[in-house]
Structure formats: C-alpha cells, structure tokens
Amino acid sequence: MPRTYRKFTTSVSALTLLLGGLAGTARAEDGLKIGAVFPLTGTYASYGKGMSAALKIALDEINAAGGVMGKPVTLVVEDDQTDPTAGLNAAKKVIELDHVSAIVSTFATSVTLPILSYTTQVGIPIATVSGAPEVTQIGKDTGLVYRFVYTEGRFGDAMAAYAKKAGYKRAYVLKANNAAMIDSGDSFAKRFAAEGGEVLGSTTFEPSQSSYRSELTKALADEPQLIMIAGYTNDAITLAKAIYQLSPDTKIVGPLYSLGTDFIKAVGPEVSEGALAVDPVSAVDSPAYKSLAPLYKTATGEDPLGNPYAVIAYDELVTFALAAEAAKSADPKVYTPFVAKVANAPGEKVYTFAEGLAALKAGKDIDYDGASSPVDFDGPDLAAMFMQTYLIADGKVVAKDTLAP
219 MPRTYRKFTT SVSALTLLLG GLAGTARAED GLKIGAVFPL TGTYASYGKG MSAALKIALD
279 EINAAGGVMG KPVTLVVEDD QTDPTAGLNA AKKVIELDHV SAIVSTFATS VTLPILSYTT
339 QVGIPIATVS GAPEVTQIGK DTGLVYRFVY TEGRFGDAMA AYAKKAGYKR AYVLKANNAA
399 MIDSGDSFAK RFAAEGGEVL GSTTFEPSQS SYRSELTKAL ADEPQLIMIA GYTNDAITLA
459 KAIYQLSPDT KIVGPLYSLG TDFIKAVGPE VSEGALAVDP VSAVDSPAYK SLAPLYKTAT
519 GEDPLGNPYA VIAYDELVTF ALAAEAAKSA DPKVYTPFVA KVANAPGEKV YTFAEGLAAL
579 KAGKDIDYDG ASSPVDFDGP DLAAMFMQTY LIADGKVVAK DTLAP
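Counting in the working numbering, the sequence shown runs from 219 upward without gaps.
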C-alpha cells in the first residue's frame, strides 16, 4: 500500500533516526542489529541517497511482518564519505559501539577492502557491491562476504559485447591501477577480441592525476575508434576532456557509475556525446521489484531504475534478515551460512520478507528471488543478473538494450 516517508536529508544523525538506528550496546533481547556503511557524501553520494530510502523500505517491511524471531530489526547507518579511512572508522564504530552482527551496502572497492581487512578478523559478514577480484577471494577464504552485483570483470565483458554490437572494431583500453579496474579492462580486451574486434593496446594509469597526456598519446597513436576507460568518475572526466581535445571523433565506453550525471555535468554535452556505458539493471518483471518500485517512487519521487544499487541494498537487508530467521539466531557465526541457503534453490520461491517468514514458520526451505536479481550465489559471488546498456546523447543518459546473464 502507498506510504509516505520523510524526505532525505544529508545529515547523518537525521538519517540514523529515519532508519531506526539506535545508539548504545546491543543486548540479546534486542534482536537482530545490522549496520549499513555506504556513501552519503563524497563521489558516490548520489547513489547513497536512494540506497537509504530502499533500506528504510526494507526495514519497515521486515518489522511490519513481525521482525526476526519475533523481535524488531534495528539498522545503524554510517556515512563512508567515499573514503577508505572514513569507511573503516564507520565499520569499527557500528561493530564496536553499536554491536551490529553484519554490515550491508558497502560500495566502492577502495572502501570495502579496508573494511574487510577488519570485519574478517572479528567474524562479521558483509554484503557489498564492490567488484574487485580480491573481494571474491576473501569471500572464498572466510565465508564472510556476499557480493550482490557482478564483478568488475563481468562489467568489462558487458562493455565489450555492447561496443562490438554498436559497430566498433578498433579499441584501446585505459585502466586505473587497482585490481578492480585492471580486471574490468582485461576482461573487456579479452571479450572484444573474442567478438572479432581489434584491441590496439592497453595502458595502466595511476588514478587522480591532473593530466594523462603521455598515456593518451600512446593510446591514440593507432587511431582507435573507441577507448575503454576502466576508472572512476574523476579520472573519466580528466581523460574524456583530453581525448576530445586530441581526437574528437574517438568515443569512450565505461561503467555508468563513472559516466553518469556527474560526469556529463563536468565535461559538457559535446565531450560526452556518443559515450557508451553499462550498469546493472533490476529484475523489473519480478514480483519483488513490482512491490518495491511504487514504494520507492513514493519515498524519493524517483524511478528505482535510475539507481540499481538502491534496489540491491533492499535485497541485501531482506536476505540477511531471512537468513537470521532461518537460522533462528542473530549470531553471525550461526546465521551467515544461511544467507546462501535462503537465497539459492532448492526451496519455495518467495519475493518478500513476509512471504519468506511465513514459509520458514511453516517449516519450508525458501529461495528468495529479489528485486535486483534472482539473488543466487556461486560462492561469495552473484551467479546471474541483467545488465543495461546506455548511450549518452544530447547531454542525457539514454537506456538502450538489456544484456541477459
């Protein structure tokens, strides 16, 4: 049914109140307490606003259905500021002071990896959308990581398929010097060549430089039609401006989280014209998405298709709550293995927390199909999700085709 929520505010204290976070020491009778550490300020704050709204919706639904083990779930939110140090401090705060038993919604790899270096030592599970291959390895080694989105390598693969389908035959790869972006760039090169395209070369660059003239001189030497930028927004801005100055007919492709609205505002419509991008797309035909979408629109005034990471955040909280209910425990040592058990087959298909709770109380195994994807895991990684392709035209991001898993 329609609900009305208070508008988002960038005040972290106000947001914590909005999401029901309670300071102080958690007691056993308090029930399940989960932390959420994601960007409310910094580079990716635009995603964080929607994530906060989606987490609020999930929390309300969980508690309206009766909570976990008959007790309300509490969510404690902290801003990672899109900064590794701030993110690590936020994770320590929610674990050591608020005594949460899990953290959901970590975002940028540069922030998630320091958090994981701590949470794996203290036995706290993480739900994340960070794409670096190290995240997979840490998850395999510890059993404490669930990635609710594709790896950066799968992003690169999708970009290559899109670029080839769009008619590009000659490409060069520029990749930031971190594991996530190297994985993305290498995967793009491999897939583009497999599709019959010619990869003219690849250069690894150091992030956050004021100029990339030497890298671009090399990249543009053989006149590529397309340059794949595996990097974050600030570097994409610097690179795109220089590419346009040196070779205005050369187009770029990258992830939408780098080439989205902030990128377009910074470089202008001429520089961004014709850029290709990819991003996850929600499971729009699923009952879970159809239930969430109008609530999200009421809460934010926006279409959830514009922020797939908000929809993922919703699924993260619902999945962890169902895992604790299935395990009949708020102890992470007990319920963490149940995350995959409630998300994967076999089991009765459920699309909301309330449906899952009813099935679990009836003694059934469940298979939660979410609003963002089927939420099926292969080890720590998501097994399948849809990707959306985009074209930047006239200063706007235009959705094109959907790439099946």
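Think of the CB as a built atom: it goes at the ideal place given N, C-alpha and C, for glycine as much as any other residue.
Beta-carbon separation (whole angstroms), residue i vs residue j, contact threshold 8 Å
i: Y527; j: Y265; result: 5 Å
i: I530; j: S590; result: 4 Å
i: A454; j: L477; result: 6 Å
i: T516; j: E279; result: 13 Å between Cβ atoms; not a contact.
i: I470; j: I482; result: About 12 Å; that fails the 8 Å criterion.
i: I356; j: T338; result: 6 Å
i: A345; j: S323; result: 7 Å
i: Y450; j: A378; result: The Cβ separation is near 19 Å, so there is no contact.
Residue span of the alpha helix (DSSP H) that contains residue i, given as start and end
i: F373; result: E370 to K383
i: M269; result: A263 to A282
i: L306; result: P302 to E314
i: T435; result: R431 to A437
i: Q427; result: Q427 -> no alpha helix (DSSP H), and no H or E assigned at all.
Whether residue i touches residue j by CB criterion (8 Å)
i: M446; j: A501; result: no
i: G371; j: S328; result: no
i: L513; j: A283; result: no
i: F629; j: N562; result: Examination of residue 629 is not possible in this model, given that the chain is present from 219 through 623 alone.
i: A304; j: I321; result: no
i: L277; j: L293; result: yes
i: G268; j: E534; result: no
i: V417; j: F410; result: yes
i: A544; j: V568; result: no
i: Y586; j: A272; result: no
i: A542; j: V286; result: yes
i: A506; j: P522; result: no
i: V367; j: V353; result: no
i: F325; j: V496; result: no
i: T583; j: G597; result: According to the sequence displayed, residue 583 carries Asp and not Thr. No, the Cβ-Cβ distance between D583 and G597 is not below 8 Å.
Where residue i sits in the DSSP three-state scheme
i: V291; result: coil
i: L621; result: strand
i: K551; result: helix
i: S323; result: strand
i: P473; result: strand
i: F556; result: helix
i: F256; result: strand
i: V615; result: strand
i: G285; result: coil
i: L250; result: coil
i: L392; result: strand
i: Y336; result: helix
i: Y386; result: coil
i: R245; result: Confidence at R245 is low in this model, with a pLDDT of 47, below 50, so the placement of that residue should be treated as unreliable; the coordinate-derived value is given next. It is coil, neither helix nor strand.
i: E296; result: strand
i: D440; result: coil
Nearest candidate by alpha-carbon position, reference residue i, set the options
i: Y386; options: L535, A493 and G597; result: A493
i: V312; options: D619, V286, P343 and S547; result: P343
i: S636; options: A545, A350 and E441; result: The first residue shown for the chain is 219 and the last is 623, placing residue 636 beyond what the model contains.
i: L392; options: K383, Y380, S405 and K382; result: S405
i: S509; options: D359, A397, P302 and G588; result: G588
i: A398; options: K383, A379, T435 and A350; result: A350
i: L315; options: G613, V295 and P302; result: V295
i: N452; options: I252, G260, G253 and V616; result: G260
i: F604; options: P302, L540, L438 and P498; result: P498
i: K579; options: K546, V485, A622 and I400; result: K546
i: G361; options: T468, A617 and F556; result: F556
Residue interval of the beta strand (DSSP E) (run including residue i)
i: A345; result: I344 to T346
i: A448; result: L444 to A448
i: F604; result: F604 to A611
i: D497; result: L494 to V499
i: T421; result: E416 to F423
i: E566; result: E566 to V568
i: V363; result: V363 to R365
i: D467; result: It is not in any beta strand (DSSP E) - D467 carries neither H nor E in the DSSP assignment.
i: D585; result: I584 to Y586
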